[in-house]
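Line by line, the protein sequences are chains A and B. Counting in our numbering, the first sequence tops out at residue 130, every number present. Counting in our numbering, the second sequence tops out at residue 310, every number present. Encoded as structure tokens, the structure appears first; notes follow it.
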Amino acid sequence: MRPVIPYVTAALLFGLGVYGVLRRRNAVLVLMAVELMLNAVNLILVTADTTAKALLPHGGQVFALFVIVLAAAEVGVGLAIVLQLYRMRASIAIDEVPLTERRADEPVPAVAGAVGEVTATEVAGPEGKR
Amino acid sequence: MTGVDALLLALGAVAVGAGVLVVATRHLVRAGLYLVVCLVAVAGMYLVLTAELVTWVQVLIYVGAVVVLLLFAVMLTRAPIGASDDLDRPGWPATLIGGGVGLGLAALLVDAYGWTRVELPQAGTAERIGEQVFGAWVLPFELLSVLLLAALVGAIVLSRPDIGRSPATGTSDGERRPAR
């Protein structure tokens with residue numbers, strides 16, 4: 001078995017994941033690209049399990065299992081955040097997410113779908129920031 | 131070039147090709163389906179690399195749970211059916227950084243391993259991996275169960291707007307806007 005083949009595959013998958021995270025606007029697609037990166041790391045771990053001689057056998061595969069569990073937890077919380085973002089702003093484009101707290105009198109920028117009622121409730125209450 | 135190498139090469143080509151389609155396609159749902167192809171090809175590589183338990187866990191958790199969750203999210207955010215034009219940002223910085231990272235890591239690993247060959251070790255069956263997990267790695271394993279519980283509670287709190295209700299105004303952040 002030539003270990004360079006899975007290693008290079010994992011490196012290319014990781015590069016694709018980085019590209020996807022930086023390129024995509026849709027939050028769900030960004031999460032998919034993150035999954036690609038996590039899979040590349042798992043592939044590195046499983047391949048290193050065959051090439052590296054460690055004190056404990058199968059340490060790489062155990063770590064790959066742990067990373068899979070972490071990825072499951074990550075995608076659960078990540079999708080909860082994405083759905084909450086969609087409920088608040090009716091859009092999951094990540095370059096439209098405001099990074100600062102919005103002032104109370106500032107109108108919400110127009111996003112796709114059901115804009116009118118959001119704007120109405122936004123300017124109505126004095127506590128309506130964000 | 132043995133049969134194992136040929137299998138790894140073919141599965142790796144499928145994985146990378148499907149990965150390219152995941153980050154390049156203009157259909158949201160198809161990106162999820164290409165992700166399934168990529169994950170199954172990676173699972174096949176695990177199987178060739180004698181990691182049996184990791185293969186089946188990958189198929190069960192990734193293909194069975196994670197991709198289904200992602201597709202649920204695609205549906206719940208009312209993704210348009212058909213191609214959409216607004217999925218991407220301008221691309222050259224992403225191309226530069228992603229290509230640099232991928233090709234740089236690949237060059238590093240080729241330099242480190244060259245065209246050497248190793249013998250495949252004993253297969254990582256459920257029995258052997260279980261001995262390791264419940265022997266040497268039992269403390270991280272238990273810690274992971276606590277982390278899963280924390281993620282569960284966190285996801286529930288995030289998706290229920292009535293939990294974070296503030297007593298002063300009687301409304302919470304999520305409830306001020308009408309549910310859609």
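Built from N, CA and C at the ideal position, the CB exists for glycine as well.
- The residue among A:F63, A:G59, A:L29, A:A11 with its C-alpha nearest the C-alpha of A:G78 is A:L29.
- For A:L99, no CB of chain B lies under 8 Å from its own CB, so it is not counted at the interface with that chain.
- Inclusion of A:M1 and B:V231 in the CB contact set at 8 Å is not warranted, their separation being larger than that value.
- Taking 8 Å as the cut-off, the beta carbon of B:P251 is found no closer than this to the beta carbon of A:T47.
- The Cβ atoms of A:P3 and B:Q262 do not sit closer than 8 Å to each other.
- For the alpha helix (DSSP H) assignment, the uninterrupted runs of no fewer than 4 residues enclosed by the stretch 153–233 of chain B are, from N- to C-terminal side, 158–178, 182–187, 197–206.
- Within the stretch 28–48 of chain A, V28, L29, L31, M32, A33, E35, L36, N39, L43, V46, T47 place their CB atoms closer than 7 Å to a CB of chain B, listed in sequence order.
- DSSP places B:E249 in no alpha helix (DSSP H); its state is neither H nor E.
- For A:M88, the uninterrupted alpha helix (DSSP H) segment begins and ends at 59–89.
- The stretch 36–46 of chain A and the stretch 9–18 of chain A touch, with three or more beta-carbon pairs separated by less than 8 Å.
- In the structure shown, A:A27 falls within a helical segment according to DSSP collapsed to helix, strand and coil.
- From the beta-carbon of A:A11, the residues of chain B found nearer than 7 Å are G232, L235, A236, L239.
- Shown here, B:A256 sits in a helix according to DSSP, grouped into three states.
- For A:A54, not one C-beta of chain B is nearer than 8 Å to its own C-beta.
- With 16 or more other CB atoms across the displayed protein chains lying within 10 angstroms of its CB, B:T207 is buried.
- Residue burial annotation: B:L238 is exposed, with fewer than 16 other C-beta atoms found within 10 angstroms of its C-beta.
- Put simply, of A:V67, A:Q84, A:T100 the residue whose alpha carbon is nearest the alpha carbon of B:P291 is A:Q84.
- Judged by DSSP in its simplified three-state form, B:A140 adopts helix.
- Short of 8 Å from the beta carbon of B:S214, and not among the five residues preceding or following it, lie these beta carbons of its own chain, in chain order: R156, H157, L158.
- Among the residues of the stretch 205–221 of chain B, those with a Cβ less than 7 Å away from any Cβ of chain A are L206, T207, D216, L217, D218, R219, G221, in the order of the chain.
- Secondary structure at A:A40: helix, using DSSP grouped into helix, strand and coil.
- Of all C-beta pairs linking the stretch 15–34 of chain A to the stretch 244–259 of chain B, fewer than three are shorter than 8 Å, placing the two stretches out of contact.
- Residue environment: B:T185 is assigned as buried (16 or more neighbouring CB atoms within 10 Å of its CB, all protein chains considered).
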